[in-house]
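**Student:** Can you keep this structure in mind? I'll have questions shortly.
Residue numbers (the working numbering): 1 to 565.
As structure tokens, this is what we get:
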């Protein structure tokens, strides 16, 4: 008898504790729609708390003692080209949640009541964060089977068996609103089933193996208070604590197909990368005269889109993978941390899902483009693209994809030597003024060709350390002008005021169009300054070894026939 009584008392206490916790939780939350509710929306005279969802008599069978009427609305489900699942019309608990949150059924329109409970005017849910509506294309997908096979096929979804016990599918194995939300418990805010600091809830399902080491997972940067609040949809105050929420939101996402916080890639990234959170103001850079046209691109890429020749259509994610990007530099030609996990094109012309070298990221858009395509210099030997200019059969090139061919380059500044390789970003990148002195990649520049430093082209340019600052970053000015590598450098550059670009093609020579005799040392004449010989129509340079050779051409109004150096 005593034992039975003890058991009964224990069970009663447990039941009472559970009910007390649930009731106190609901009472203090917006889901208390009674007249005592703490929110801005509540009934005028109804003091029952649970009645708005449940009734002890005459309830519907869709859920325990369910008291609400279904919406008759037809919904637009979430869809995306990258989505493996196939959400349809809401089912199960999601349909129940939407009977309030789609805004089509009155909050007081209940099965148990002969007349709707009075909310003092319209009782449908008012516009705001809680109104999901019937267009679910900007909300996290719901009402689809989350299976082991789905997780395996999608690649970055965790097995449902690995989830925290607080996260549950419904009895049919479907992901529903209640997978992430517990309508009876608002301990973690927004009725989430667990704390979402560092996006812990998001990352129970969404996996990215290298995310923990990324800048977005480790940065303690917070909003400076200038401009627009980057995190109005969260209560967290730094990048690391927001994690996934820096770029994504589960409901009312402006960038619907990827649930982005901005309408485009750029708008999403520039929320923080405008100098208000991240140190560099890339928005300023992207408005410079020479830039990647990020701000001019209205939409993202679609699966299967051919990127070759599409330098006019570029988004931040073409060069950066926000789930894997790190801080830190890398020795050329390898990708720096900011480009880790990005697709590319190899120097052999084959696509690669993950670029190993920085130039592979650049080549996936620029492989077929010559300098002329960017309003550049018309050359004697026409290049059919950077893929061939930097290729193994090119007679001469800047050493981007391979070490250089010239064993004698005395002007190189240490630690560079004849066996060194360089990166595209050694020349192309943000000039210091673009983002307040913090150069951070080829976003925008005041200099033509999106160069980091000045590189004057054309004709009759007065030589100075600034006029050719880009070249003098790697090549010692005093050595160049002392004629140690070529006897005519000072004469041409200083006395004749001939820019480096008149004789040298900075990227390299197309191997199918040029040769090692006429195009050694990056020789490929600028036809706006150099023209064919008047009498014979010849225009050529002939290499005769280190520092020696001759030219036949017309330059600065003078004919030169086999003029040697």
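Yeah, the Cβ is synthetic: ideal placement off N, Cα and C, and Gly gets one too.
In this text, all values refer to a predicted model and were calculated from it rather than measured experimentally.
Helix, strand or coil: which one does DSSP assign to residue 291?
**Tutor:** If DSSP states are grouped into helix, strand and coil, residue 291 belongs with the strands.
**Student:** Let's see if you can read the secondary structure: which residues bound the beta strand (DSSP E) around residue 388?
**Tutor:** Per DSSP, residue 388 belongs to no beta strand (DSSP E); it is in the alpha helix (DSSP H), 386-389.
**Student:** Three or more C-beta pairs under 8 Å: does that hold for the region 95-102 against the region 153-172?
**Tutor:** In short, these stretches do not touch, since the Cβ pair count stays below three.
**Student:** For residue 450 and chain C, any beta-carbon pair shorter than 8 Å?
**Tutor:** Here there is only one protein chain, and chain C is not present.
**Student:** To the nearest angstrom, how far is the alpha carbon of residue 56 from that of residue 238?
**Tutor:** For residue 56 and residue 238, the distance between alpha carbons rounds to 46 Å.
**Student:** For residue 144, I'd like the list of residues in its chain whose CB is within less than 7 Å of its CB, leaving aside the five on either flank, ordered along the chain.
**Tutor:** Excluding sequence neighbours, residue 144 sits near 85, 86, 87, 174, 175.
**Student:** If you scan the region 155-204 from start to end, which runs of the alpha helix (DSSP H) of 4 or more residues do you find wholly inside it?
**Tutor:** Listed in chain order, the complete alpha helix (DSSP H) runs (minimum 4 residues) inside the region 155-204 are 177-180.
**Student:** Short of 7 Å in beta carbon distance, which residues of its chain neighbour residue 511, apart from the five on each side in sequence? Order them along the chain.
**Tutor:** Cβ neighbours of residue 511 beyond the five flanking positions: 388, 391, 393, 394, 395.
**Student:** Leaving out five residues before and five after residue 457 in sequence, what residues of the same chain have Cβ atoms less than 6 Å from its Cβ?
**Tutor:** Here the set comprises 499, 501.
**Student:** Taking the alpha-carbon of residue 473 as reference, which of 250, 415, 102 has the nearest alpha-carbon?
**Tutor:** Of the candidates 250, 415, 102, the one whose C-alpha sits nearest the C-alpha of residue 473 is 415.
**Student:** What residues match up with residue 248 in a beta bridge as DSSP calls it?
**Tutor:** According to DSSP, which records beta bridges pairwise, residue 248 is partnered with 260.
**Student:** Excluding five sequence neighbours on each side, which residues of the same chain lie with their C-beta closer than 8 Å to the C-beta of residue 41?
**Tutor:** Excluding residues within five positions, the ones whose Cβ falls inside 8 Å are 30, 33, 107, 119, 125, 126.
**Student:** Nearest CA to the CA of residue 274: which residue from 318, 232, 335, 226?
**Tutor:** When each option's Cα is compared against that of residue 274, the closest is 226.
**Student:** Please classify residue 406: is it buried, with 16 or more other beta-carbons within 10 angstroms of its beta-carbon, or exposed?
**Tutor:** It counts as exposed.
**Student:** Measuring only from the beta carbon, is residue 77 closer than 7 Å to any heavy atom that is part of the ligand FAD?
**Tutor:** By its list of ligands, the structure shown contains no ligand whatsoever, and the ligand FAD lies outside what it can speak to.
**Student:** Contact between the region 198-214 and the region 320-327: three or more CB pairs below 8 Å?
**Tutor:** Yes, they touch.
**Student:** Since I believe residue 340 is in contact with residue 361 (beta carbons under 8 Å), could you give me their beta-carbon distance rounded to a whole number of angstroms?
**Tutor:** Not quite, the Cβ-Cβ distance comes to about 10 Å (not below 8 Å), so this is no contact.
**Student:** In chain order, what residues of the same chain have a beta carbon less than 6 Å from the beta carbon of residue 313, not counting five sequence neighbours either side?
**Tutor:** Cβ within range, chain order: 297.
**Student:** Does DSSP classify residue 472 as helix, strand or coil?
**Tutor:** Of the three classes helix, strand and coil, the one that applies to residue 472 here is helix, per DSSP.
**Student:** Suppose contacts are defined by Cβ-Cβ distances below 8 Å. Is residue 380 in contact with residue 486 by that definition?
**Tutor:** Taking 8 Å as the Cβ cut-off, residue 380 and residue 486 do not qualify as a contacting pair.
**Student:** What do you reckon, are the CB atoms on residue 342 and residue 319 nearer than 8 Å?
**Tutor:** Against a cut-off of 8 Å, the Cβ pair of residue 319 and residue 342 comes out as a contact.
**Student:** By how many angstroms is the C-alpha of residue 104 removed from the C-alpha of residue 424?
**Tutor:** If I take the Cα positions, the gap works out to 56 Å.
**Student:** In terms of alpha-carbon separation, which member of 531, 268, 205 lies closest to residue 552?
**Tutor:** Considering only alpha carbons, the answer is 531.
**Student:** In three-state DSSP terms, what is residue 564?
**Tutor:** Note: residue 564 maps to strand in three-state DSSP.
**Student:** Just curious, the alpha helix (DSSP H) that residue 358 is in, first and last residue?
**Tutor:** Unbroken alpha helix (DSSP H) run through residue 358: 358-366.
**Student:** Using the beta-carbon count (16 or more within 10 Å), is residue 160 buried or exposed?
**Tutor:** Residue 160 is buried by the Cβ-count criterion.
**Student:** Under the three-state reduction of DSSP, which class applies to residue 554: helix, strand or coil?
**Tutor:** In the structure shown, residue 554 sits in a strand (DSSP, three-state: E or B).
**Student:** DSSP on residue 404, reduced to helix/strand/coil?
**Tutor:** In the structure shown, residue 404 sits in coil (DSSP, three-state: anything other than H, G, I, E or B).
**Student:** Could you give the first and the last residue of the continuous beta strand (DSSP E) run that contains residue 542?
**Tutor:** 540-543 is the extent of the beta strand (DSSP E) around residue 542.
**Student:** Taking the DSSP output, what are the residues bridged to residue 466?
**Tutor:** Bridge partners of residue 466: none, in fact.
**Student:** Taking residue 58 and residue 112 to be in contact with their CB atoms under 8 Å, please state how far apart those CB atoms are, rounded to whole angstroms.
**Tutor:** Contact holds; Cβ gap of about 6 Å.
**Student:** Determine the direct distance from the alpha carbon of residue 148 to that of residue 568, and round the result to whole angstroms.
**Tutor:** Any question about residue 568 goes unanswered here, given that the chain covers just 1 to 565.
**Student:** Use the C-beta contact count for residue 139: other C-beta atoms within 10 angstroms, 16 or more gives buried, fewer gives exposed.
**Tutor:** Buried, by the Cβ-count rule.
**Student:** For a test of the three-state rule: what should DSSP assign to residue 88, helix, strand or coil?
**Tutor:** Residue 88 falls in the coil class under three-state DSSP.
**Student:** Below 8 Å on the Cβ atoms is my guess for residue 398 versus residue 507; work out the distance and round it to an integer in Å.
**Tutor:** Confirmed, Cβ separation roughly 6 Å.
**Student:** For residue 150, does the three-state DSSP call read helix, strand or coil?
**Tutor:** Looking at residue 150 - three-state DSSP - the assignment turns out to be helix.
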